[in-house]
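If you use this note's numbering, the sequence shown corresponds to residues 3 to 409, in order. C-beta atoms are modelled at their ideal positions from N, C-alpha and C, and glycine is treated no differently.
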Amino acid sequence: MKAKAFKITDGVYWVGVIHWNSRTFHGYGIPGTTYNAYLVFGEEKTVLIDNTYTGLQNQLDARIEDAFAQEGKDIKIDVFVQNHSEMDHSTYLRETIDKYNPDAEIYASQNCINFLEAQYHNFGDLELNAVATGDEIDIGGRTLKFISAPMLHWPDSMFTFLAEDGILFSNDAFGQHVCHSKRLDSDYSMDYLLKEARKYYANLVTLGSPMLRMKLQELTDNGLLEQIKMIAPCHGQIWTNPGPIVEKYSEWGSGVCKDKITVIYDTMHHSTEKLAFQIAEGIMSEGVEVRMYFMQEDGPDDVITDILDSKAIALGAPTMMNKPFPRIGNMMYWLDCVNFKGTGSEKNALIFSSKGWGGGAVAKLQRDLEEAGFTVTDTLDVLFVPDEDVLAEAFEKGAELARSIKE
Ligand code: FEO
Numbered sequence: 003m004k005a006k007a008f009k010i011t012d013g014v015y016w017v018g019v020i021h022w023n024s025r026t027f028h029g030y031g032i033p034g035t036t037y038n039a040y041l042v043f044g045e046e047k048t049v050l051i052d053n054t055y056t057g058l059q060n061q062l063d064a065r066i067e068d069a070f071a072q073e074g075k076d077i078k079i080d081v082f083v084q085n086h087s088e089m090d091h092s093t094y095l096r097e098t099i100d101k102y103n104p105d106a107e108i109y110a111s112q113n114c115i116n117f118l119e120a121q122y123h124n125f126g127d128l129e130l131n132a133v134a135t136g137d138e139i140d141i142g143g144r145t146l147k148f149i150s151a152p153m154l155h156w157p158d159s160m161f162t163f164l165a166e167d168g169i170l171f172s173n174d175a176f177g178q179h180v181c182h183s184k185r186l187d188s189d190y191s192m193d194y195l196l197k198e199a200r201k202y203y204a205n206l207v208t209l210g211s212p213m214l215r216m217k218l219q220e221l222t223d224n225g226l227l228e229q230i231k232m233i234a235p236c237h238g239q240i241w242t243n244p245g246p247i248v249e250k251y252s253e254w255g256s257g258v259c260k261d262k263i264t265v266i267y268d269t270m271h272h273s274t275e276k277l278a279f280q281i282a283e284g285i286m287s288e289g290v291e292v293r294m295y296f297m298q299e300d301g302p303d304d305v306i307t308d309i310l311d312s313k314a315i316a317l318g319a320p321t322m323m324n325k326p327f328p329r330i331g332n333m334m335y336w337l338d339c340v341n342f343k344g345t346g347s348e349k350n351a352l353i354f355s356s357k358g359w360g361g362g363a364v365a366k367l368q369r370d371l372e373e374a375g376f377t378v379t380d381t382l383d384v385l386f387v388p389d390e391d392v393l394a395e396a397f398e399k400g401a402e403l404a405r406s407i408k409e
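Shown next as structure tokens:
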């Protein structure tokens, strides 16, 4: 196939893959995505940073060919840098090395080297060089500095900094699952990209928030942060204006939240739904923003995205066989996985439920939410269908939850 490489700056090309028809990424709904790889030409060596899935590798090969043609050079990759081993960036790595230069230098974190072997069982005959923060290589007029970035978002994650150009190849960190024909942030609206980056952060990076805070502090202390002119992640658009995304990562990673409450519910015969709507009215009466999610229709990934910068949630489920309605359980598993505790934010929670007789949903959700780091400030457990008095109580509990986050 034919495909063009995109020149980012002199001697640096995006040679990645566009996965137009991908609709989920381990359960996270996406509109397609990209697997970004980059080719960096030094005076002495040419480097391929990151890789892609097999099945889509023809795009990578065609763009590598085009980048060498644009440079007027014969194809030869001297160095492979692998910032992370997850399969979306590594399934084609071994074949790429075999195809372009089995004698190339290969650099990755020690965890990445271990993980590659554990996933593919075919790297044992290659010499893989483990690198970490402080290590660097000279490729002729250009220097690649390696920065360990564990848990951003896997234990093997690493950044590579092209010092002379100020380009940070950040792998998954700072990414967005978007799928467009143009490559730069400036080709689309910043608000839109930051919204997509928030969804990506909430679902894929939240767990690493403590490490993110340490990494941003380290990059500030050693002066690297101010040298970054561009951030080139492995998914989505390249940040030619890195200020806004770095600022947002700093906020998301340290639990900065808005006066916003995310209401999440499911319902069997509309009773829990009536409570949800009344609670929302109460919240709104205090001037606090509401985001409403109905778990028969909405995805947990979007719920997680809004909880990231909400100061509180209201979570409702009918009781079924002494437990919460099952679709809420699916959402609770996501909440437990992403673990907002690490951001340092303190999120209040109101739990509400309609029950037929014995109940049980509220107690179970209270245990689960407290385990996930929420502070359950109030509950509302209603017998069958709420009457006007109960609806007024739901309104007041919504208003009280809103007041609790404004204090
Ligand atoms: Fe985009 Fe963790 O892989």
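Alpha-carbon to alpha-carbon, residue j and residue i
| i | j | result |
| --- | --- | --- |
| Gly13 | Leu195 | 26 Å |
| Glu372 | Val378 | 7 Å |
| Ile66 | Gly74 | 12 Å |
| Glu249 | Val340 | 21 Å |
| Ala64 | Lys9 | 14 Å |
| Asp105 | Gly225 | 35 Å |
| Asn243 | Val83 | 24 Å |
| Ala2 | Ser87 | Look at the range of the chain in this structure, 3 to 409, and you will see that residue 2 is not part of it. |
| Ile20 | Asp389 | 53 Å |
| Leu385 | Ser356 | 6 Å |
| Tyr295 | Ala165 | 45 Å |
| Lys408 | Ser256 | 19 Å |
| Leu146 | Asp137 | 9 Å |
| Asn113 | Arg329 | 36 Å |
| Met323 | Pro212 | 39 Å |
| Tyr109 | His155 | 19 Å |
| Phe27 | Asp391 | 45 Å |
| Val387 | Ser273 | 5 Å |
| Met160 | Ile149 | 6 Å |
Beta-ladder partner(s) of residue i, from DSSP
| i | result |
| --- | --- |
| Gln84 | Ala110 |
| Met2 | Past the edges of the chain, shown from 3 to 409, lies residue 2, and the structure says nothing about it. |
| Met160 | Ser150 |
| Lys260 | Ser312 |
| Gly31 | Thr26 |
| His237 | His237 pairs with nothing; no bridge assigned. |
| Met322 | Lys325 |
| Val42 | Val14, Val49 |
| Thr36 | Ile20 |
| Thr145 | Asp140 |
| Ala351 | Ile315, Val378 |
Any non-hydrogen atom of the ligand FEO closer than 7 Å to residue i Cβ
| i | result |
| --- | --- |
| Cys339 | no |
| Asp52 | no |
| Cys236 | yes |
| Glu88 | yes |
| His467 | Nothing about residue 467 can be read from this structure; the chain reaches only from 3 to 409. |
| His21 | no |
| Trp16 | no |
| Asp174 | yes |
| His28 | no |
| Trp156 | yes |
Cβ-based burial, residue i [other Cβ within 10 Å; buried from 16]
| i | result |
| --- | --- |
| Gln298 | exposed |
| Ala175 | buried |
| Tyr335 | exposed |
| Ser183 | exposed |
| Pro302 | buried |
| Lys47 | buried |
| Trp254 | buried |
| Gln219 | exposed |
| Asp193 | exposed |
| Glu198 | buried |
| Asp158 | buried |
| Val417 | This structure cannot speak to residue 417, because the chain is shown only from 3 to 409. |
| Asp90 | buried |
Residue i: first and last residue of the uninterrupted beta strand (DSSP E) it sits in
| i | result |
| --- | --- |
| Val378 | 377 to 385 |
| Arg293 | 291 to 296 |
| Phe8 | 8 to 11 |
| Ser312 | 312 to 318 |
| Asp140 | 138 to 140 |
| Thr48 | 48 to 51 |
| Asn60 | Careful: Asn60 lies outside any beta strand (DSSP E), inside the alpha helix (DSSP H) at 59 to 73. |
| Ala132 | 130 to 132 |
| Ile79 | Note, Ile79: premise wrong, no beta strand (DSSP E); not H, not E. |
Boundaries of the alpha helix (DSSP H) in which residue i is found, first to last residue
| i | result |
| --- | --- |
| Trp359 | Neither: Trp359 is in no alpha helix (DSSP H) and is coded neither H nor E. |
| Val248 | 245 to 255 |
| Leu393 | 390 to 408 |
| Val364 | 363 to 373 |
| Tyr202 | 192 to 202 |
| Pro212 | 211 to 223 |
| Thr274 | 273 to 287 |
Cβ-heavy atom distance, residue i to the ligand HEM, below 7 Å
| i | result |
| --- | --- |
| Gly255 | Here the bound small molecules are the ligand FEO; the ligand HEM is not part of this structure. |
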